[in-house]
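I have placed the structure first, in the form of structure tokens, so that the comments after it can refer back to it.
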Amino acid sequence: MPTIYIRRKNKAQSLNTVSRLRLQATPACALQIFSEVNKMAQVDQRKHQRHIPSAKTFVYTSESFGRILDISAGGFSLQYIDVDSPIKKQENVDILLGNLSLLKVPITVVWDNSASASGKDSIIMNKVGVKFADLTNQQRDLIDFFISENTSVNA
């Protein structure tokens, strides 16, 4: 029986703790468990509070576009339809934040949650989390302004 260790940061004590789970798992199941654990760890590593935009917010790349689901000073999560042109690991994107636009914003994909679909006409919706990389002061100021003026509920 495999033992899986999960390392988490205990926010109350600011200490790293280790949890131990005992599971009977097939290799495919174990892979899914590790994927879920990895997602949990990424959520715990957030440095900025996420906010849900009250205005429609979109991201455009050279080959794709999608809708921002939540945004923070450090990055955002994005949902897009996969049409054989996934968001690249690192690229510059154009962001439409309500009535503000930011051009050539450098991002890095930090996680990718691709949904599987069945059937020949199925639409594949992907969700990715990105962090901002090397923003200019103007880009950072516009993002901060958008968050303060155009977001509603904390995510």
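Heads up, the sequence shown is in the numbering used here, so the first residue is -16 and it goes up one at a time.
Beta carbons are placed, not taken as given, at the ideal position from N, Cα and C, and that holds for glycine.
Query	Result
Between lysine 71 and the rest of its own chain, which residues show a CB-CB distance below 8 Å, the 5 nearest in sequence each way excluded?	Thr44 and Val92
With a threshold of 16 other CB atoms inside 10 Å of the CB of leucine 86, please say whether the residue is buried or exposed.	exposed
Could you give the DSSP three-state label for glutamate 46: helix, strand or coil?	coil
Tell me which residues share the same chain as valine 113 and place their Cβ nearer than 7 Å to its Cβ, disregarding the 5 neighbours each side in the sequence.	Gly58, Phe59, Leu61, Ile90, Thr91, Val92 and Val93
Buried or exposed, going by whether 16 or more other CB atoms sit within 10 Å of the CB of aspartate 53?	buried
Considering only their Cβ atoms, is the gap separating histidine 34 from isoleucine 126 smaller than 7 Å?	no
According to DSSP, is isoleucine 126 helix, strand or coil?	helix
Can a CB atom of chain D be found closer than 7 Å to the CB of isoleucine 130?	Absent from the structure: chain D. Only one protein chain is present.
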